[in-house]
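**Q** Protein chains in written order, with the working numbering: chain A, 660 to 1097; chain B, 145 to 400. Every residue, glycine too, gets a C-beta built ideally from N, C-alpha and C. Note that the coordinates shown come from a computational prediction; the quantities given were computed from them, not determined experimentally. Pasting a structure below so you can have a look.
Structure follows, in C-alpha cells:
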C-alpha cells in the first residue's frame, strides 16, 4: 500500500475545517466539551466527507451533494424571526410548541414555560455549560458516523426533554425548526428521555425558505422500561436545502416506539435511523412516506439492532417519485446471538411516476440467533395501468387519477397516525405535493 | 321507427387490434336514444374488446373506422373526456383499489365530470344525500361506501357498485360488459333492476353477454350476434332465445 496518501480536500471539507477552527474556542461545553468536539471533528478532518466508495454512502454521495460548506448561521435578525413565524407548519395541531430559527432557540415564538406536569423541558445550551456536557455524548449512534460527528463538533443549541417516571404527558410537544435568510448551515439536537412507564407524543418539523441551507439535526430518544413514545416528523425544508438527519433510539424492556416521518421537502435529504432494543419484549413501528420530483434526492438509512429477546420491529417506507428524482432505502435488521424470539419485518416500496425517476433499495438481514422470524421486501414499480384506466373511465383526468392512486399508496403509512388533526396536516401536505409534483 | 329519435352511438367499419393482432374487423353498430341493444357471441368474438375500444383502453389500436357518441368523435378523446361526454363502461371485473374509499372515489369521479362539462361541483352534503338515495335502492350499505373501492366486496357487490356509479354519473350511453358473469340469480336480479331503473328515453344501453339469462331481466330492443370481430346477425329479443337453444356453433363456422 502507498503510505503517502494525502487526501485532496474538496471546497466543502476545507470550509468545514476553517469553520471549526474559527468557532471551536467559542462553542459551549467547557474543556471536556472541547475535547469531545475535537475528537468528533478529527474523523471529518482525517477522512473527509463520506463518498460513494464508502459502502453506507454508495447511493448518497455526501461529498458530491455538499459542494461547499455554508457559513454557520449568525444571530437571528428581527426580519428573520418574522419570516420564520410565517414558515411554521401545522398551525392547527394542538401541541406545546418550541421553535428554533436557524438552529437557535426562539423564545418569543416558543411556549417554554408551558411544559405539561411531569415533563421537564430545557435548552440544550444550559446542559452544555459546565464541565460535564453529557449532551454531546450520544448513546446509540456510532460516534464516527459523519453526520453524528459533524453535529457533535458544531452543535450549540437544541432541546432536552425529560418525562418523569409514570407520567403520561398531557400535551404533544412540537419542536419546530425553521431555516430562513441567507444560505447558512445550522445544527440542532433534541435529546428526549422517557422514564419508566411514561409516555409522550413528539412532533418534529423542519421547514424553511428556498435558499441553499444545510441543516444537520440529531434526535436522541431513550425509552426506559414500559415507556412509550410517538414521534412524528415532517421534513418540509425549502427546496434548496440539504437536510441531514439522525435519529438514535434506545428501547428498554417492553418499551414501545411509533415513529413516522413524512418527507416532502429539501433538495437532498438523508435520514439515518439507529434503533436498538436494549431490553426484552419491546416494540417499534418505524415508518415513512416520501415525495420527490425534479432532481431531488431522498435517502432513508436505518439499522434496527435486536439485542433483547422477543422484540417486535415493523418498518414500512413508501416513496413516490417524479421527474428525475431518486430515492434510496438502506435498511438493516441485526439480530444478536441472544435475541431469540425476535420478530422483525421490513418493507420498502417505491412508486415511479416518470421514466427518469429512480429508486434504490438495499434491505439486509444479519441474524445470529436461531429462533427468530425476520423478513424484508422491496418493490419498485410504476402505477398500475389497469387501475389508472378504471379511474379514467369514470372521468378522472390522468393527473387526478394518479394523485388518487398515490394517495392510496402512501395512505397506508399516514393513516397509522391516530391523532386526527396531525394526520390531516400530513395528508394535506401529501395532497399539495401531488398537485405540485416538485 | 320514429325519425326524430336521436342517434346516440354510431360505429362504422371499426377495425381494432391488440399487439398487431386484429380483433375487430369492420364492425357497424347504431344505437338510438332510448334503446337497449344486446350483443351476444361466442368467446373470442371481440365483445369485450369492443367495450374497451369504446372506453379508450390504450392497449388497443383503432386501425380503421369511426365511432361517435351523440355526434362527437370518441376516438379523438381521452378516456376521461369520453366519460364526461356521457359514456359509461360497467366492467366485467371491477378493480379493487385499497386506500381509496368508495365514497371518495364517487365524489372525485362525479366532480371531475361536472368540471369537464363546465358545471359547478356538487356540495358535499348534497352529494352524500344523493349517494345514499341511490345506494339504498341497490342495497349498498354505508359501511361498503366507507371501505376501500371494491376491496373485500363479493362479485355481486362489485357489480352493484358499478350500477351505483352508473346511477350517479347519469351517462348517455351505458356499455355493460358481461355484467352477469359471476352473479347468482338473486344478485343478477338486483343488478338488472338497478339497470332497468335507469332506462330512459334519452339514454341508450349496449349489453354485452354470452348468455341469454341476463336478457330475461334486462329485455333488449335489438339483439346482435357478434363473431370474428363483426356483427353477423341482427334481430329482435327472440333471437336471444334462439341462440340459447342452438348455441353459437353456426356463427363460429359462418364467420370462419
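Using a 10 Å radius around the Cβ and a threshold of 16 neighbouring Cβ atoms, would you call residue 865 (chain A) buried or exposed?
**A** With 16 or more other Cβ atoms within 10 Å, it is buried.
**Q** Less than 8 Å between CB atoms is the rule here; does residue 224 (chain B) satisfy it with respect to chain A?
**A** Judged by the 8 Å Cβ criterion, residue 224 (chain B) is in contact with chain A.
**Q** With DSSP as the reference, label residue 959 (chain A) as helix, strand or coil.
**A** DSSP places residue 959 (chain A) in strand when its eight states are reduced to three.
**Q** Taking the alpha helix (DSSP H) that residue 246 (chain B) belongs to, which residues open and close that run?
**A** Unbroken alpha helix (DSSP H) run through residue 246 (chain B): 246-260.
**Q** How many Å lie between residue 761 (chain A) and residue 278 (chain B) at the Cα?
**A** Rounded to whole angstroms, residue 761 (chain A) to residue 278 (chain B) spans 55 Å at the Cα level.
**Q** Among the candidates B:193, B:208 and B:210, whose CA atom is the shortest distance from the CA of residue 202 (chain B)?
**A** It is B:193 whose Cα lies nearest to the Cα of residue 202 (chain B).
**Q** Please confirm if residue 167 (chain B) has its CB atom under 8 Å from at least one CB of chain A.
**A** It does not; no Cβ of chain A falls within 8 Å.
**Q** If I measure Cβ to Cβ from residue 236 (chain B) and keep anything under 7 Å in the same chain, skipping five residues before and after, which residues do I get?
**A** Within the same chain, residue 236 (chain B) has close Cβ partners 192, 321, 322 and 325.
**Q** Would you kindly work out how many angstroms separate the C-alpha atoms of residue 827 (chain A) and residue 962 (chain A), rounded to a whole number?
**A** Distance between the alpha carbons of residue 827 (chain A) and residue 962 (chain A): 28 Å.
**Q** Alpha helix (DSSP H) containing residue 990 (chain A): first to last residue?
**A** That residue, residue 990 (chain A), is in no alpha helix (DSSP H); its beta strand (DSSP E) goes 985-994.
**Q** Out of B:337, B:214, B:223 and B:186, point me to the one whose CA is closest to residue 204 (chain B)'s CA.
**A** For the residues B:337, B:214, B:223 and B:186, the minimum Cα distance to residue 204 (chain B) belongs to B:223.
**Q** Please go through the same chain and pick out, in chain order, the residues whose beta-carbon is closer than 6 Å to the beta-carbon of residue 858 (chain A), but skip the five residues on each side of it.
**A** If we look at residue 858 (chain A) and ignore the five residues flanking it on each side, its Cβ neighbours are 827 and 887.
**Q** Under the three-state reduction of DSSP, which class applies to residue 1042 (chain A): helix, strand or coil?
**A** Reduced to three states, the DSSP call for residue 1042 (chain A) is coil.
**Q** Going by Cα to Cα distance, which pick from A:816, A:751 and A:900 is closest to residue 1080 (chain A)?
**A** Closest by alpha carbon: A:751.
**Q** For residue 809 (chain A), collect the residues of the same chain with a Cβ closer than 7 Å to its Cβ; drop the 5 residues on either side in sequence, then sort them by chain order.
**A** Cβ within range, chain order: 703 and 875.
**Q** By a C-beta neighbour count over all protein chains shown, 10 Å radius and 16 as the cutoff for buried, is residue 329 (chain B) buried or exposed?
**A** Looking at its Cβ environment, which holds fewer than 16 other Cβ atoms inside 10 Å, residue 329 (chain B) is exposed.
**Q** Would you say residue 933 (chain A) and residue 907 (chain A) are within 8 Å of each other, going by their C-beta atoms?
**A** Against a cut-off of 8 Å, the Cβ pair of residue 907 (chain A) and residue 933 (chain A) comes out as a contact.
**Q** Could you tell me whether the region 815-829 of chain A touches the region 773-792 of chain A, using the rule of 3 or more Cβ pairs below 8 Å?
**A** At 8 Å Cβ cutoff, the stretches touch.
**Q** Starting from the N-terminal side, write out each stretch of the beta strand (DSSP E) that is 3 residues or longer and does not extend beyond the region 889-935 of chain A.
**A** For the region 889-935 of chain A, whole beta strand (DSSP E) runs of length 3 or above, ordered along the chain, are 901-910 and 915-922.
**Q** Can you give me the Cβ contacts of residue 660 (chain A) inside the same chain, cut-off strictly under 8 Å, excluding the 5 residues immediately before and after it?
**A** Because residue 660 (chain A) carries a pLDDT of 48, less than 50, the predicted location of this residue cannot be relied on, and the following value inherits that uncertainty. Around residue 660 (chain A): no qualifying Cβ.
**Q** What residue ranges within the region 362-387 of chain B form continuous beta strand (DSSP E) runs of no fewer than 3 residues, ordered along the chain?
**A** The region 362-387 of chain B contains these whole beta strand (DSSP E) runs: 366-371 and 374-379.
**Q** Run down chain A in chain order and give the residues with a C-beta less than 8 Å from the C-beta of residue 233 (chain B).
**A** Under the 8 Å cutoff, chain A gives 1052.
**Q** Quick one: which residues of the region 975-988 of chain A get their C-beta closer than 9 Å to a C-beta of chain B? List them in chain order.
**A** Answer set for the region 975-988 of chain A: empty.
**Q** Between residue 710 (chain A) and residue 699 (chain A), is the Cβ-Cβ spacing less than 8 Å?
**A** Taking 8 Å as the Cβ cut-off, residue 710 (chain A) and residue 699 (chain A) do not qualify as a contacting pair.
**Q** If we count Cβ pairs, one from each stretch, closer than 8 Å, do we get three or more for the region 976-993 of chain A versus the region 1009-1025 of chain A?
**A** At 8 Å Cβ cutoff, the stretches touch.
**Q** Would you decide whether residue 1157 (chain A) is buried or exposed? Buried here means 16 or more other CB atoms lie within 10 Å of its CB.
**A** The requested residue 1157 (chain A) does not occur in the structure, where chain A is confined to residues 660 to 1097.
**Q** Which residues in chain D have a C-beta closer than 8 Å to the C-beta of residue 290 (chain B)? List them in chain order.
**A** Protein chains A and B are contained in the structure displayed, whereas chain D is not.
**Q** Is residue 968 (chain A) helix, strand or coil when you go by DSSP?
**A** Coil.
**Q** Kindly indicate the opening and closing residues of the beta strand (DSSP E) around residue 168 (chain B).
**A** Where residue 168 (chain B) is concerned, the enclosing beta strand (DSSP E) stretches over 165-176.
**Q** For residue 232 (chain B) versus residue 282 (chain B), is the C-beta spacing smaller than 8 Å?
**A** Not closer than 8 Å, so no.
**Q** Any C-beta of chain A within less than 9 Å: which residues of the region 171-202 of chain B qualify?
**A** Result list: 196, 199, 200, 201 and 202.
**Q** What is the residue span of the alpha helix (DSSP H) that residue 774 (chain A) lies within?
**A** No alpha helix (DSSP H) contains residue 774 (chain A), which DSSP labels as neither H nor E.
**Q** Consider the C-beta atom of residue 839 (chain A) and the heavy atoms of the ligand GTP; say whether any pair is separated by less than 7 Å.
**A** Here there are no bound small molecules, and the ligand GTP is not part of this structure.
**Q** Excluding five sequence neighbours on each side, which residues of the same chain lie with their C-beta closer than 7 Å to the C-beta of residue 1093 (chain A)?
**A** Taken in chain order, the residues that qualify are 1062, 1065 and 1066.
**Q** Between residue 240 (chain B) and residue 218 (chain B), what straight-line distance do the alpha-carbon atoms span, to the nearest angstrom?
**A** Residue 240 (chain B) and residue 218 (chain B): Cα-Cα distance of roughly 27 Å.
**Q** Just list the residues that DSSP pairs residue 782 (chain A) with in beta bridges.
**A** Per DSSP, A:818.
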